[in-house]
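First the structure, in the form of structure tokens, and then the observations on it.
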Amino acid sequence: MTDRSFRFTHAISRKPSASITDGLRAVDTGTPDLELFASHHADYVLALKETGAEVLVLDALEAYPDAVFVEDTALCLQEGAIVMRPGAPSRLGEAAEMAPHLRRLYAEVREISGADSYIEGGDILTTETEILVGRSARTNAAGIEELRQLVADWGYSVREVITPEGVLHFKTDCSLLDGETVLATERLAASGCFDGYKVILTAEGEEAAANTIRFNDLVLMPAGFPKTRDRLVEAGYNLREIGNSEAAKLDGGMSCLSLRFSPNT
Ligand code: CIR
């Protein structure tokens, strides 16, 4: 078994901007505080760097309140990167802002370009054997089909799955923990999309812990979910809890805050 789905040499992240107060959210649970968000973000970046990766931290983008959630702008594979077409109209321009940075790091950058194609990185889980893409309010069949065609010659197979109703992104409810194991909410695992994988479930009432990331030897998880944390520690993962209270007000978690990759070139 290879480990390219969780061993990375690089990450890209972007500082939160003062405009996060206008960020998209399904339910208003309060206004995010920039100072606290920035401090959580700094802890996050430090943890990524600690694993030995090179982390590019981009400047805040005031024009795009959700631009701190860089994951949605691209899918980064070893062979190249694919620039997404976010389904949220206010976020479409973020992908174009990311493209030049990817072009500096990758020899090949492709783009989702169909006028009817929508797809966001938060709906994509890359494992050792396949790319799972959840259809959601942000990601449609045309977007998934275009992705399938764009990665076929790199040898990837794309499997369409369903993001649960009312859940923002597929990865809001799951994360990869290693080459064969995922962390998932019960409601998502019940759909059967992880048959063939080992599944660790989030504890009841701790569904928001599902959006963690495995990054080299660390698992970064949002702070405040002790039962799920204990399950992961017991399973032998090297955990780091990161404050996520402000990103959570905008439906964001650990995966949203970075693009993680090891370019071949
Ligand atoms: C949005 O609604 O687009 C942002 N407020 C949150 C994006 C979170 N991104 C992610 O899960 N990959």
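My numbering numbers the first residue of the sequence shown as 38 and each following residue consecutively.
Ideal Cβ positions, reconstructed from N, Cα and C, are used throughout, including at glycine.
Nearest by alpha-carbon distance to L112: which of T88, I149, H77 and E99 is it?
When only C-alpha atoms are compared, the closest one is I149.
Is it true that the CB of A247 sits closer than 9 Å to the CB of T222?
Yes. Within cutoff.
Pair every Cβ in the segment 125-132 with every Cβ in the segment 64-78, then say whether three or more of these pairs are closer than 8 Å.
At 8 Å Cβ cutoff, the stretches do not touch.
Should E183 be labelled buried (16 or more other beta-carbon atoms within 10 Å of its own) or exposed?
By the neighbour-count rule (16 or more Cβ atoms within 10 Å), E183 is buried.
Would you report the Cα separation of S228 and L142, rounded to the nearest angstrom?
Each residue's Cα considered, the two are about 37 Å apart.
Which residue from R266, L139 and T39 puts its Cα closest to that of L238?
Of the candidates R266, L139 and T39, the one whose C-alpha sits nearest the C-alpha of L238 is R266.
Are the beta-carbon atoms of A90 and F45 separated by less than 9 Å?
Taking 9 Å as the Cβ cut-off, A90 and F45 qualify as a contacting pair.
At the level of alpha carbons, what is the spacing between I49 and R140?
Computed Cα separation, rounded: 13 Å.
Does DSSP put S194 in a helix, in a strand, or in coil?
S194: coil per DSSP, three-state reduction.
Out of curiosity, what's the CA-to-CA distance linking Q186 and Y193?
Q186 and Y193: Cα-Cα distance of roughly 10 Å.
Return yes when the C-beta of S42 is under 8 Å from any heavy atom of the ligand CIR, and no when it is not.
Answer for S42: no, Cβ out of range of the ligand CIR.
Would you mind listing the beta strand (DSSP E) stretches within the segment 117-160 that are 3+ residues and don't spill past its ends, in chain order?
Within the segment 117-160, the complete beta strand (DSSP E) runs of at least 3 residues are 118-120 and 146-148.
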